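Each remark here refers to the structure printed beneath this line.
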Amino acid sequence: MKTIRIGSGAGYAGDRLEPALELIEKGNIQYISFECLAERTIAIGQQAKLKDPTKGYNGLLEHRMTKAIPLAAKKGVKIITNMGSANPEAAAKVCVDIAKKAGLDGLKIACVLGDDLLPQIDKFMDTEVWETKRPLKELDGEIVSANAYMGVEGIIKALEGGADIVITGRVSDPAIFMAPLIYEFGWAMDDWDKLGKGTNIGHLLECGAQVTGGYYAEPTKKDVPGVGHVGFPIIEVNEAGEYFVTKVPEAGGMVTVDTCTEQMIYEIHDPSKYLTPDVVADFSKVTFTQIEKDKVKVEGATGHPKTDTFKCSVGYKDCFIGDGEISYGGPGCVARGKLALDIVKERLELVAPNAFDELKFDIIGCNSIYWNPDFKYNEPSEVRVRVAGRAKTKAVADLVANEVEALYTNGPAGGCGAVKRTREIVSVASILVDRNLVTPTVKFFEV
Amino acid sequence: MKLWEIAHSRTGDKGNISNISLIAYDEKDYKLLAEKVTPERVKEHFKGIVKGEVVRYELPQLKAMNFVMYDALGGGVTRSLSVDMHGKGLSSYLLNMDI
Numbered sequence: 001m002k003t004i005r006i007g008s009g010a011g012y013a014g015d016r017l018e019p020a021l022e023l024i025e026k027g028n029i030q031y032i033s034f035e036c037l038a039e040r041t042i043a044i045g046q047q048a049k050l051k052d053p054t055k056g057y058n059g060l061l062e063h064r065m066t067k068a069i070p071l072a073a074k075k076g077v078k079i080i081t082n083m084g085s086a087n088p089e090a091a092a093k094v095c096v097d098i099a100k101k102a103g104l105d106g107l108k109i110a111c112v113l114g115d116d117l118l119p120q121i122d123k124f125m126d127t128e129v130w131e132t133k134r135p136l137k138e139l140d141g142e143i144v145s146a147n148a149y150m151g152v153e154g155i156i157k158a159l160e161g162g163a164d165i166v167i168t169g170r171v172s173d174p175a176i177f178m179a180p181l182i183y184e185f186g187w188a189m190d191d192w193d194k195l196g197k198g199t200n201i202g203h204l205l206e207c208g209a210q211v212t213g214g215y216y217a218e219p220t221k222k223d224v225p226g227v228g229h230v231g232f233p234i235i236e237v238n239e240a241g242e243y244f245v246t247k248v249p250e251a252g253g254m255v256t257v258d259t260c261t262e263q264m265i266y267e268i269h270d271p272s273k274y275l276t277p278d279v280v281a282d283f284s285k286v287t288f289t290q291i292e293k294d295k296v297k298v299e300g301a302t303g304h305p306k307t308d309t310f311k312c313s314v315g316y317k318d319c320f321i322g323d324g325e326i327s328y329g330g331p332g333c334v335a336r337g338k339l340a341l342d343i344v345k346e347r348l349e350l351v352a353p354n355a356f357d358e359l360k361f362d363i364i365g366c367n368s369i370y371w372n373p374d375f376k377y378n379e380p381s382e383v384r385v386r387v388a389g390r391a392k393t394k395a396v397a398d399l400v401a402n403e404v405e406a407l408y409t410n411g412p413a414g415g416c417g418a419v420k421r422t423r424e425i426v427s428v429a430s431i432l433v434d435r436n437l438v439t440p441t442v443k444f445f446e447v
Numbered sequence: 448m449k450l451w452e453i454a455h456s457r458t459g460d461k462g463n464i465s466n467i468s469l470i471a472y473d474e475k476d477y478k479l480l481a482e483k484v485t486p487e488r489v490k491e492h493f494k495g496i497v498k499g500e501v502v503r504y505e506l507p508q509l510k511a512m513n514f515v516m517y518d519a520l521g522g523g524v525t526r527s528l529s530v531d532m533h534g535k536g537l538s539s540y541l542l543n544m545d546i
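Sequence lines, in order, name chains A and B.
Counting in our numbering, the first sequence runs from 1 upward without gaps.
Counting in our numbering, the second sequence runs from 448 upward without gaps.
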């Protein structure tokens with residue numbers, strides 16, 4: 001029976017490269033997919049592209065591909081990635097240059113375009129934004145990007161055209177893993193159960209090591225062997241649609257029923273309705289069975305017909321966030337920390353009354369991650385005080401960190417290690433768009 | 448007893464919505480989790496943090512539940528003022544619950 005082994009090369013934009021290279025080298029895989037595009041990353045990429053039309057792709061593209069392309073070419077592994085971000089065509093050209101420099105030839109590199117809806121954003125001004133429940137035109141901030149989550153279609157076209165490397169912009173995360181399965185096994189695009197399985201496969205793989213023991217260790221309760229050299233996952237899929245999660249034997253980490261369970265529930269809401277551009281996947285009956293060490297069989301994923309719409313993320317210049325931190329240690333440190341917060345609160349009311357959309361006052365070590373007012377915390381040996389504020393202008397946001405830093409000479413005793421920063425925030429608003437308005441196209445480059 | 452003794456957990460984020468899994472180590476403890484860790488109890492536990500509703504989905508065959516918590520991430524991942532913008536640490540806080 002035909003079997004395909006597909007590996008995960010990255011679980012987020014900045015992920016480690018070594019486990020990906022290990023998979024290409026030793027994983028006996030035919031495909032490796034790098035998932036590198038968080039929700040607002042593309043908005044930031046779009047701004048980079050505006051400044052320089054040859055940029056706007058993932059900042060680690062060169063770093064990754066310089067090592068991955070020659071190795072993948074040697075092992076006959078195809079690469080699929082959304083590292084194209086806001087500029088898949090420029091990213092494909094970078095890959096062409098890398099391949100040429102490595103002395104390779106006979107490689108076909110494709111980019112998938114069509115997700116960028118910014119040129120036609122005016123059509124959607126009356127569309128309701130999920131987050132605000134108001135029309136898009138009322139969004140408070142300049143729109144800088146609009147990208148539809150496309151499905152597998154463009155990637156499949158690229159593979160049918162003989163691509164060895166496929167670079168996309170915004171597509172659904174599972175799509176970069178499911179597309180090669182559809183291509184290889186010839187699954188019908190309305191075989192919803194198969195597509196539900198393919199989506200489940202993509203979902204288990206899309207966060208890299210999160211299914212092989214990364215983000216899992218809890219000393220004494222959940223020890224992970226060799227987590228320092230944790231490997232990335234492989235899923236082996238056969239023609240009948242049976243599939244198994246595993247890893248390279250010598251890689252660190254582990255694949256167990258519980259690592260798979262944690263990852264499957266990660267970032268899903270209703271397990272029976274996981275919406276993607278290609279299918280409404282149903283994970284509610286999924287079971288995991290450990291069939292051997294570091295090999296888990298997955299069963300029970302199904303699917304239902306896809307919806308008529310694509311989700312589109314609209315990036316906009318939202319606000320500025322300023323924050324500052326300073327530490328206090330020794331006896332009475334919590335009391336001094338609380339006094340510091342009161343001082344900053346009073347001074348911000350004085351220098352910028354009602355200028356902040358929101359302010360947050362934290363004592364790191366006590367209540368910064370968990371700020372339930374009823375939460376009882378113990379007195380630690382040191383605390384870090386933090387104030388953060390959101391404002392429409394940079395000048396106002398700057399005031400927050402300045403007032404924290406000024407605690408050195410104007411605040412409680414023993415303040416130390418102050419830091420300050422202000423960030424411009426590009427936020428994302430989500431709208432649904434008619435899928436007929438989005439057409440994936442593919443461009444090929446030959447080396 | 449804290450939930451930490453008998454269960455593990457991971458948090459995910461989408462916009463201003465947080466989801467937290469709660470997975471029993473041992474199958475026999477799942478019933479206890481289902482009985483004690485109600486959406487109401489979780490909402491109370493995250494007082495001040497989660498402003499919207501809490502919905503619970505059950506996956507008994509995985510001895511697991513999924514809590515979806517609305518209006519839970521300080522306005523959303525990008526604009527949250529929290530140190531933990533993604534709310535990734537909320538899973539550990541759920542395990543701090545006494546049952």
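Cβ atoms here follow ideal geometry from the backbone N, Cα and C, with glycine treated the same way.
Note that the coordinates shown come from a computational prediction; the quantities given were computed from them, not determined experimentally.
Check, Outcome
"Using the beta-carbon of each residue, which ones in chain A are nearer than 8 angstroms to B/D531?", "S368 and I369"
"With 16 other CB atoms within 10 Å as the buried threshold, where does A/L107 fall?", "buried"
"Does the pairing of the segment 354 to 362 of chain A with the segment 386 to 393 of chain A give three or more beta-carbon distances under 8 angstroms?", "yes"
"Hey, is the segment 472 to 490 of chain B in contact with the segment 535 to 546 of chain B, meaning 3+ C-beta pairs nearer than 8 angstroms?", "yes"
"In the segment 159 to 236 of chain A, which residue ranges form an unbroken alpha helix (DSSP H) of at least 4 residues, counting only runs that do not cross its ends?", "175 to 185 and 192 to 205"
"Determine the chain A residues that contact B/D460 at a beta-carbon separation under 8 angstroms, and present them in chain order.", "E267"
"Can you round the beta-carbon distance between B/S527 and B/G536 to whole angstroms, since I take them to be within the 8 angstroms contact cut?", "12 angstroms between Cβ atoms; not a contact."
"Could you spell out the range, first to last residue, of the alpha helix (DSSP H) harbouring A/I44?", "T41 to K51"
"How is the alpha helix (DSSP H) around A/G337 delimited, first residue to last?", "C333 to V351"
"What are the residues that DSSP puts in a beta bridge with A/Y274?", "A/A281"
"Tell me the rounded alpha-carbon separation between B/A481 and B/E505.", "8 angstroms"
"Using 8 angstroms as the threshold, is the C-beta distance between A/G303 and A/G196 below it?", "yes"
"As a quick exercise: from A/K293, A/V279 and A/A301, pick the residue whose alpha carbon is nearest that of A/T287.", "A/A301"
"So, with DSSP's three-state summary, where would you put A/A38?", "coil"
"Between A/A188, A/A148, A/P219 and A/A158, which lies nearest to A/S172 when the distance is taken from Cα to Cα?", "A/A148"
"Between A/A188 and chain B, is the shortest Cβ-Cβ distance under 8 angstroms, so that the two count as touching?", "no"
"Which residue comes first and which comes last in the beta strand (DSSP E) that contains A/D138?", "Looking at the sequence shown, residue 138 of chain A is not Asp but Glu. No beta strand (DSSP E) holds A/E138; DSSP gives it neither H nor E."
"Got a sec? Which residues, its chain only, sit under 6 angstroms from A/T54 by beta carbon, not counting five neighbours each side?", "A90"
"Does B/R488 get closer than 8 angstroms to chain A when you measure Cβ to Cβ?", "no"
"A/R421: buried (16+ other C-beta within 10 angstroms of its C-beta) or exposed?", "exposed"
"Anyone know if the C-beta pair for A/I235 and A/V245 falls short of 8 angstroms?", "yes"
"Could you name the residues that DSSP lists as bridge partners for A/L111?", "For the record, residue 111 of chain A in the displayed sequence is Cys; it is not Leu. A/I167 and A/K443."
"Please report whether the beta-carbon of B/Y503 lies at a distance below 8 angstroms from any beta-carbon of chain A.", "Checking the sequence, you will find Arg at residue 503 of chain B rather than Tyr. It does not: the Cβ of B/R503 has no partner Cβ on chain A nearer than 8 angstroms."
"Among all the DSSP beta bridges, which residues are the ones paired with A/M150?", "A/V171"
"Which one of A/G417, A/K75, A/V94 and A/K74 has the shortest CA to CA distance from A/M83?", "A/V94"
"At a Cβ cut of 8 angstroms, what residues of the segment 427 to 442 of chain A count as close to chain B, listed as they run along the chain?", "S427, V428 and S430"
"Is B/R526 helix, strand or coil by DSSP?", "coil"
"Reducing DSSP to helix, strand and coil, say where A/R421 ends up.", "strand"
"Taking a cut of 8 angstroms between CB atoms, which residues from the segment 23 to 44 of chain A lie near chain B?", "E39 and R40"
"Does A/I291 pass the burial test, meaning 16 or more other C-beta atoms within 10 Å, or should it be called exposed?", "exposed"
"Counting Cβ pairs closer than 8 angstroms, one from the segment 466 to 474 of chain B and one from the segment 449 to 458 of chain B, do we hit at least three?", "yes"
"Which residue comes first and which comes last in the beta strand (DSSP E) that contains A/C319?", "T309 to G329"
"Classify B/K498 as helix, strand or coil using the three-state DSSP reduction.", "coil"
"When the cut-off is 8 angstroms and only beta carbons count, does A/K137 lie next to chain B?", "no"
"With 16 other CB atoms within 10 Å as the buried threshold, where does A/A240 fall?", "exposed"
"Give the DSSP bridge partners of A/K297, in chain order.", "A/F244 and A/T289"
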